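Every letter in the sequence shown is one number past the one before it in the working numbering, and letter 95, counting from 1, is 101.
Note that beta-carbon positions come from the ideal geometry of N, C-alpha and C, so glycine has one too.
Predicted model only: the values in this text are computed from it and were never measured.
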Amino acid sequence: MAFWYDRPQEYTGGLHYIKNLLYALSIANQGDIQPYVFFGAHVDEAVAVQFAKLAIVVRTRILDRGTLPWFVHKVLFKFFGRQWLVNYLMRRHGIDVVSHAEHVYGRRLPYRLISWMPDFQYLHLPELFPTVDPRRETERLVRIGSATDAIVLSSFAAQKDFGRIAPAGQLARSTVLQFVSQPAWGAAGTDPARALARLESQYGFQGPFFFLPNQLWAHKNHLVAFEAVKLLANRNVPVLLLCTGNTRDYRLKASPYADSLREFIAGNGLELNIRILGLIDYSDVLLLMRLSVAVLNPSRFEGWSSTVEEARSMGKRLVLSNIDVHVEQSPPGAAYFPPDDAGQLARILEQLWTAPPQQWSPDAEAQCRADLHARTLKYGRSYVRLVQRVVAGESGALADASADAS
7 MAFWYDRPQE YTGGLHYIKN LLYALSIANQ GDIQPYVFFG AHVDEAVAVQ FAKLAIVVRT
67 RILDRGTLPW FVHKVLFKFF GRQWLVNYLM RRHGIDVVSH AEHVYGRRLP YRLISWMPDF
127 QYLHLPELFP TVDPRRETER LVRIGSATDA IVLSSFAAQK DFGRIAPAGQ LARSTVLQFV
187 SQPAWGAAGT DPARALARLE SQYGFQGPFF FLPNQLWAHK NHLVAFEAVK LLANRNVPVL
247 LLCTGNTRDY RLKASPYADS LREFIAGNGL ELNIRILGLI DYSDVLLLMR LSVAVLNPSR
307 FEGWSSTVEE ARSMGKRLVL SNIDVHVEQS PPGAAYFPPD DAGQLARILE QLWTAPPQQW
367 SPDAEAQCRA DLHARTLKYG RSYVRLVQRV VAGESGALAD ASADAS
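Next up, the structure:
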């Protein structure tokens, strides 16, 4: 079976999702499934190396936007509704199931198809998608759903959204797989103080900090966190908030949101309280997460938050907006606040800032590891069962996979 990664490489959430799924598959697979992953020929070498540990990596110019093979593929599909180049490539590698492709669907496919629909954000926040016509996007998703053997959704909240647009038959072929993230346990080594000193020197901060590791995109709602920091600064509670993530939204030509956040920091004299670090090495993201006072996710919308999953897998304290999917994820000990309530968020942050530091022990880490392994194994087994049922052409069995993931 194969993963066909036809999303932008800037969509790091998608890359992490596929990598985490492949890892779960690697520990749940009994040798029945040989995974491949297809990338563009120009994929970053570091990405290819990471995935090569979990699957056979194949590079193809069909996935390189603007190249002749990509253009031919698009024209053939537009005018004939056929995936000839993709089909040839799949037959050449003996692929019987293609999973999680966004743009692979159509007539006479020589393989089974599992489609992934991460979320339906355009239904909730259409103003953030100025180039997307909601009616046409719904029609596109329904076309995908009609031409696939199974539809994977990352949360029951997403499945509920899917039910708003999909015919009943498609909803019956949908299944919920709540993904599990794998943190780098050894990131801090045996000397967290030394690791923290290195981060402070490299990124120019000092002392305890809260951590917000979301892309700087409008729906991530950084502003409510910044307003909470401002309220605390006005009360002489000098918290520090570190933010990492892509400052460029690949869906937009400009970056007005990131620019507005920088203007807020400068306009309110919060340069010592809020630091935007931008895109940094992923291992450092996980290290900052582990060494933080707590991890924040104030987002207005998520399909299934990798930030929440990564922090949960480390046993970190979480402060979350009370959107449906965050409540569904339900990490132990999380504190929730309405996504527009900076005052409530400020009260939570002040309480955590003045509380004793979170103590980390070998026993606590062992418990987190055991919990993570159990959740990952459950996730991987659910996906293996889904693939087996799709290969067997079983109907009506997909609801069982959703139950497995719940």
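**Q.** Leu218 to Leu247 span [Cα, whole Å]
**A.** In a straight line, the C-alpha of Leu218 is about 7 angstroms away from that of Leu247.
Q | Option nearest Met7 by Cα separation, candidates Thr18, Val182, Pro41 and Gly399 | A | Ranking Thr18, Val182, Pro41 and Gly399 by CA distance to the CA of Met7 puts Pro41 first.
Q: Return the Cβ separation of Ile157 and Ser121 in integer angstroms, given the expectation that the two are a contact with Cβ distance under 8 angstroms.
A: 5 angstroms between Cβ atoms; contact.
Q. What is the DSSP secondary structure of Ser6, reduced to helix, strand or coil?
A. Residue numbering for the chain in the displayed model covers 7 to 412; residue 6 lies beyond these limits and cannot be assessed.
Q: Pick out whichever of Ala58, Ser207 and Arg281 has its Cα sitting closest to the Cα of Phe232.
A: The shortest CA-to-CA distance from Phe232 to any of Ala58, Ser207 and Arg281 is the one to Arg281.
Q: Would you mind listing the alpha helix (DSSP H) stretches within the region 272 to 329 that are 4+ residues and don't spill past its ends, in chain order?
A: Here the runs fully enclosed are 288 to 297 and 312 to 320.
**Q.** Cutoff 7 angstroms; reference Ala194; Cβ partners in own chain excluding five residues on either side
**A.** Below a pLDDT of 50, predicted positions are generally treated as unreliable, and Ala194, at 47, falls in that range; no measurement from the model is reported.
**Q.** Residues bridged to Ala107 (per DSSP)
**A.** Bridge partners of Ala107 according to DSSP: Ser121.
**Q.** Cα-Cα separation, His5 to Phe45
**A.** No information on residue 5 is available, as it lies outside the stretch 7 to 412 that the chain covers here.
Q.
Taking the beta carbon of Ser289 as the centre, do at least 16 other beta carbons fall within 10 Å, making it buried, or is it exposed?
A. Exposed, since its Cβ has fewer than 16 Cβ neighbours within 10 Å.
Q. Per DSSP, what kind of secondary structure is Ser180 in: helix, strand or coil?
A. Of the three classes helix, strand and coil, the one that applies to Ser180 here is strand, per DSSP.
**Q.** Pro363 versus Val299: straight-line alpha-carbon distance, rounded
**A.** Going by the C-alpha atoms only, they are around 7 angstroms apart.
Q. If you follow the beta strand (DSSP E) that Val186 is part of, which residue opens it and which one closes it?
A. It is not in any beta strand (DSSP E) - Val186 carries neither H nor E in the DSSP assignment.
(Q) According to DSSP, is Trp4 part of a helix, a strand, or is it coil? (A) Nothing in the structure corresponds to residue 4, since the chain is present only between 7 and 412.
**Q.** Residue ranges of each alpha helix (DSSP H) within the region 38 to 73, 4 or longer
**A.** Counting only runs of 4 or more, we get 51 to 58.
Q) Below 7 angstroms between beta carbons: does that hold for Ser187 and Glu316? A) Judged by beta-carbon spacing, Glu316 lies within the 7 angstroms limit of Ser187, meaning their Cβ atoms are closer than that value.
Q: For His228, count neighbouring C-beta atoms within 10 Å of its own C-beta (all shown protein chains included) and say buried if the count is 16 or more, exposed if not.
A: Result: buried.
Q: Give the C-beta separation of His48 and Asp12 to the nearest angstrom, bearing in mind that I take them to be a contact with Cβ-Cβ under 8 angstroms.
A: Not a contact, Cβ separation roughly 14 angstroms.
Q | DSSP-derived helix/strand/coil call for Phe162 | A | DSSP places Phe162 in helix when its eight states are reduced to three.
Q: May I ask you to verify whether the region 266 to 277 touches the region 301 to 309, counting CB pairs closer than 8 angstroms and requiring at least 3?
A: Flag = no, the region 266 to 277 and the region 301 to 309 do not touch.
Q: Could you give the DSSP three-state label for Trp223: helix, strand or coil?
A: If DSSP states are grouped into helix, strand and coil, Trp223 belongs with coil.
Q: Starting from Tyr29, follow its DSSP beta bridges and name the residues at the other end.
A: Its beta-bridge partners do not exist; DSSP assigns none.
(Q) Output needed for Asn26: all residues of its chain with C-beta closer than 7 angstroms, excluding positions within five of it in sequence on either side, in chain order. (A) Answer for Asn26: Phe185, Val186, Ser187 and Gln188, listed in chain order.
Q: Count the C-beta pairs between the region 51 to 61 and the region 72 to 79 that are closer than 8 angstroms, then say yes if the count reaches three, no if not.
A: Output reads no: the region 72 to 79 does not touch the region 51 to 61.
Q: Under the assumption that Gln335 contacts Val314 (Cβ atoms under 8 angstroms), give the Cβ distance between them as a whole number of angstroms.
A: 5 angstroms between Cβ atoms; contact.
Q: Pick helix, strand or coil for Leu202, following the three-state DSSP scheme.
A: Assignment of Leu202 by DSSP, reduced to helix, strand and coil, places it in the helix class.
Q: Enumerate, from N- to C-terminal direction, the unbroken alpha helix (DSSP H) stretches of 4 or more residues contained entirely within the region 340 to 383.
A: Contiguous alpha helix (DSSP H) elements confined to the region 340 to 383 occur at 348 to 360, taking only those with 4 or more residues.
Q: Taking only the alpha-carbon atoms, compute the straight-line gap between Glu132 and Arg146 and give it to the nearest angstrom.
A: Residue 132 is actually Pro in this sequence, not Glu. The alpha-carbon separation between Pro132 and Arg146 amounts to approximately 16 angstroms.
Q. Would DSSP call Ser401 helix, strand or coil?
A. Low per-residue confidence applies at Ser401: pLDDT is 46, beneath 50, and the placement is therefore not dependable, though the value from the model is reported in the following sentence. In this structure, Ser401 counts as coil in the three-state DSSP scheme.
Q. Counting along the chain, where does the alpha helix (DSSP H) carrying Thr144 start and finish?
A. For Thr144, the uninterrupted alpha helix (DSSP H) run begins and ends at Pro140 to Ser152, by DSSP.
Q) Quick check: the region 234 to 243 against the region 351 to 361, are there 3 or more CB pairs under 8 angstroms? A) With a cut-off of 8 angstroms, the region 351 to 361 and the region 234 to 243 count as touching, because enough Cβ pairs lie within range.
Q: Count the other CB atoms, across all protein chains shown, that sit within 10 Å of the CB of Ser161; report buried if there are 16 or more and exposed otherwise.
A: Buried, by the Cβ-count rule.
Q | Cβ neighbours of Trp90 in the same chain (closer than 6 angstroms, five flanking residues each side left out) | A | Sequence-distant partners of Trp90 (beyond 5 residues in either direction) whose C-beta falls short of 6 angstroms from its own C-beta, in its chain, are Leu82.
Q: Taking all protein chains shown into account, decide if Asp369 is buried (16 or more other Cβ within 10 angstroms of its Cβ) or exposed.
A: The residue is exposed, with fewer than 16 neighbouring Cβ atoms inside 10 Å.
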